[in-house]
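J.: Numbering-wise (this note's numbering), the sequence shown opens with residue 186 and increments by one.
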Amino acid sequence: MSTNDPTILAASRPATAESTTGQFSHSYLAIGHAFRTEAHRDQLVCYSPVTRTKVPITTEQISLWTLFVGGASVDAVWRGAFHQLAKAWSFSQDQAHAFFEETLSLGVANGFLVEETILSPEAVAELRFCNHKVEVLSFLEEENDGIDIPLRRLPHLDFFQNHRDQPHQTHRLDRYVTQLLAHVPDEERPAQKKRLIDQLVGLYQAFATAKDPQAKMNQYPLFVGRRPDGAMAVLNRTTIAAIAQVLGLNMRAQILQTEDFLGEIIAAPEDFFGTLRDNQPYQSIFHDGVELIHGRRPDLYERLGMIRKEDLQGKAILDLGCNIGMNCYLAVELGAARAFGAEYSENLVNVAAGLNGWFGRNCRFRQADLNEPLLFKEPYDTVFMFAVLGHLKSSVGILQTIKNSGAGVVYFETHRRVQYQGDLEAFLNADLFESTEFIDYSFDNSVTNERTRRLYRCVVKRG
Ligand SMILES: C[S@@+](CC[C@H](N)C(=O)[O-])C[C@H]1O[C@@H](n2cnc3c(N)ncnc32)[C@H](O)[C@@H]1O
């Protein structure tokens, strides 16, 4: 390859993104196959499945755009369209380089391009798991002392390493799969379990016996995101990742921008308190004071700001009706020691636990119906009970839950003025409390922009 050949720019481009472990090499990949174009008069609109937005492309940008359309990868672009364009426009090496830089930043900024990296099996083993399922949460937590779980700790790796020759003997994966199939009727479970485990062995064999296992593995990129603490989190293909670890294969990984990575996690729940309404989560996603994804309740810091420091700092928080877990994360960010969220929707619990793979905080989540009293292994100090009472049949179950938690104080938020308030009087006047203090009105939501929710601090009677 001659040095005047613009195709070498891709290879010679220095790594720009900081490597968190030093194990990454960097390149960029256009996910051209995933784009669709729509003609709009003289304007093109492109749809990015990564950002889930449509981005208009002006006519001046069409020439740039041609770089991305139809190309499966930047590799193809360099070898094809980019090379031809640079040649057709008689670009000098410098011009071609500047064009490349501009193209790259435009592509990354608009979500057409994702950064791609190659992960060694060791780096894959350290990726944090972000794809929890309600059924296996307690299994994972008990085994891993929390839900900040590196892939090497999932039972898949142990299975492929030690049990693939006798796959139906008892092993951790067997217990994991049993829990995963908890919803399947008893009589059907053994057959489904066998089928699932046989499928895993088949998948392993397909890689192990492939003519070129690395080339086969290259067809399965991971989607990863950078966590605030510098670790990497992963959304998909955790089983294939376990095979890569056992066979010592590298994996391609597309490093999504933070909002795209989090967007993929929260896209799952299509229920009212998920992203169904206005395509927004109920709670905004914040980190360190910055709103990363806008939700219908963007006032989370403001609401937590109404909580006394002594009820938060170093305390164990119980969040009842926790939604995607933001009050748990932010409470820990603001100084709480740990937080536990209970939530009825399985989808939302999956999301809360998935987000924890990115936040990496001392938070746990569990699916629970607050109409029934909950029991706890550990005591709590402070309960959050925000905008949830009106969804319950009565206050009986949740009052017993508060009692069982051992907490000394409950922060209770009503619903907005026009909504059903639930068993409000019974709750506020419950014998459980020695005092109930009105603090202030909190924000309704970003649609109505009013302040009609009341926030109370209820002190639990001792003894
Ligand atoms: C209005 S949202 C409030 C979310 C969160 N507490 C906040 O204010 O930021 C109500 C939440 O309560 C949950 N929920 C409703 N009924 C429930 C039940 N029976 N048990 C547990 N959670 C419930 C909903 O799924 C939803 O996430």
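Just so it is clear, CB atoms sit at the ideal spot from N, CA and C, and this is done for glycine as well.
Please list, in chain order, all residues of the same chain as Gly593 whose beta carbon is under 8 Å from its beta carbon, the five residues on each side excluded.
T.: Closer than 8 Å at the Cβ level, and outside the excluded window around Gly593, lie Asp566, Thr567, Val644, Val645 and Arg647.
J.: Within 10 angstroms of its Cβ, does Arg380 collect 16 or more other Cβ (buried), or is it exposed?
T.: So Arg380 counts as exposed.
J.: So for Glu563, helix, strand or coil by DSSP?
T.: Looking at Glu563 - three-state DSSP - the assignment turns out to be coil, as it is neither helix nor strand.
J.: Check whether the stretch 486-498 and the stretch 555-564 touch, using three or more Cβ-Cβ pairs below 8 Å as the test.
T.: With the cut-off at 8 Å, the stretch 486-498 and the stretch 555-564 do not touch.
J.: Hey, Arg636 and Phe628 are a contact pair by Cβ (cut 8 Å); roughly how many whole angstroms apart?
T.: 6 Å between Cβ atoms; contact.
J.: Rounded to a whole number of angstroms, what is the C-alpha to C-alpha distance between Lys500 and His348?
T.: Distance between the alpha carbons of Lys500 and His348: 43 Å.
J.: From Ala395 to Glu563, what distance separates their C-alpha atoms?
T.: Each residue's Cα considered, the two are about 49 Å apart.
J.: Using a Cβ distance threshold of 8 Å, determine whether the stretch 391-407 contacts the stretch 427-438, with at least three qualifying pairs required.
T.: The answer is yes - the stretch 427-438 touches the stretch 391-407, with three or more Cβ pairs under 8 Å.
J.: By a C-beta neighbour count over all protein chains shown, 10 Å radius and 16 as the cutoff for buried, is Asp445 buried or exposed?
T.: Per the 10 Å Cβ criterion, buried.
J.: Between the stretch 332-343 and the stretch 459-467, can you find at least three pairs of beta-carbon atoms closer than 8 Å?
T.: No, they do not touch.
J.: How should Pro466 be labelled, buried or exposed, when 16 other C-beta atoms within 10 angstroms of its C-beta is the threshold for buried?
T.: Its Cβ being crowded by 16 or more others within 10 Å, Pro466 is buried.
J.: Hey, how far is the Cα of Pro375 from the Cα of His368?
T.: Going from the Cα of Pro375 to the Cα of His368 covers about 13 Å.
J.: Which runs of the alpha helix (DSSP H) fall wholly inside the stretch 468-553 and span at least 4 residues, in chain order?
T.: Runs found: 485-490, 511-518 and 531-544.
J.: Using 8 Å for Cβ pairs, my map puts Ala426 next to Val309. What's the rounded Cβ distance?
T.: About 5 Å separates the two Cβ atoms, so the contact holds.
J.: According to DSSP, is Thr637 helix, strand or coil?
T.: Reduced to three states, the DSSP call for Thr637 is coil.
J.: Going residue by residue through the stretch 313-374, where are the continuous alpha helix (DSSP H) segments of at least 4 residues, counting only ones entirely within it?
T.: Runs of the alpha helix (DSSP H) inside the stretch 313-374: 319-329, 340-343 and 357-365.
J.: Indicate whether the contact test is met: 3 or more Cβ pairs, each with one atom in the stretch 352-361 and one in the stretch 571-580, closer than 8 Å.
T.: Judged by Cβ distances under 8 Å, the stretch 352-361 makes no contact with the stretch 571-580, as fewer than three pairs qualify.
J.: Comparing C-alpha positions only, which one of Phe324, Leu322, Arg313 and Val362 sits nearest to Arg337?
T.: The option with the nearest alpha carbon to Arg337 is Arg313.
J.: Within 8 Å, do at least three Cβ pairs link the stretch 547-556 to the stretch 481-489?
T.: Counting Cβ pairs under 8 Å, fewer than three are found: no touch.
J.: Could you tell me whether any non-hydrogen atom of ligand 1 is closer than 8 Å to the CB of Asn512?
T.: Under cutoff, so the answer is yes.
J.: Alpha carbons only, please: which of Asn589, Gln390, Asp608 and Gly591 is nearest the one belonging to Glu598?
T.: Checked all of Asn589, Gln390, Asp608 and Gly591; the closest Cα to Glu598 is Asp608.
J.: Scan the stretch 586-625 and note each continuous alpha helix (DSSP H) run of 4 residues or more that stays entirely inside, going in chain order.
T.: You should have 609-613.
J.: If you follow the beta strand (DSSP E) that Leu407 is part of, which residue opens it and which one closes it?
T.: Where Leu407 is concerned, the enclosing beta strand (DSSP E) stretches over Leu407 to Arg411.
J.: Could you work out which residue in Asn630, Leu503 and Glu476 is closest to Gln604 when comparing CA atoms only?
T.: Comparing Cα positions, the closest option is Asn630.
J.: Taking the continuous alpha helix (DSSP H) assigned at Leu447, which residues delimit it?
T.: That run of the alpha helix (DSSP H) goes Thr443 to Ile451.
J.: Leu613: which of Ser580, Tyr626 and Gly591 sits nearest, CA to CA?
T.: Looking at the Cα atoms, Ser580 is the closest of the given residues.
J.: Determine the extent of the beta strand (DSSP E) in which Val309 is found, giving its start and end residues.
T.: Run containing Val309: none in the beta strand (DSSP E); it sits in the alpha helix (DSSP H), Pro306 to Glu311.
J.: State buried or exposed for Ala391, treating a residue as buried only when at least 16 other CB atoms are found within 10 Å of its CB.
T.: Exposed, by the Cβ-count rule.
J.: Within the present structure, is the beta-carbon of Phe631 separated from the nearest heavy atom of ligand 1 by less than 8 Å?
T.: Note that residue 631 is Ser in the sequence shown, not Phe. No, ligand 1 has no heavy atom inside 8 Å of this Cβ.
J.: Around the Cβ of Thr302, are there at least 16 other Cβ atoms within 10 angstroms (buried) or fewer (exposed)?
T.: Thr302 comes out buried.
J.: Rounded to the nearest angstrom, how far is the Cβ of Ile450 from that of Leu420, given a contact under 8 Å?
T.: Yes, they are in contact, since the Cβ atoms of Ile450 and Leu420 sit about 7 Å apart, within 8 Å.
J.: Please report the Cβ distance between Leu497 and Ala521, rounded to the nearest whole angstrom; I am assuming they are in contact, meaning their Cβ atoms lie under 8 Å.
T.: Their Cβ separation, rounded to whole angstroms, is 5 Å, which keeps Leu497 and Ala521 in contact under 8 Å.
J.: Going by DSSP, what residue range makes up the alpha helix (DSSP H) through Val431?
T.: Where Val431 is concerned, the enclosing alpha helix (DSSP H) stretches over Thr423 to Leu432.
J.: If you draw a straight line from the C-alpha of Asn541 to the C-alpha of Asp279, how long is it?
T.: Computed Cα separation, rounded: 44 Å.
J.: By DSSP, does Gln465 sit in helix, in strand, or in coil?
T.: Looking at Gln465 - three-state DSSP - the assignment turns out to be coil, as it is neither helix nor strand.
J.: Please return the same chain residues whose Cβ sits closer than 7 Å to the Cβ of Lys588, not counting the five positions on each side in sequence.
T.: Cβ within range, chain order: Leu617.
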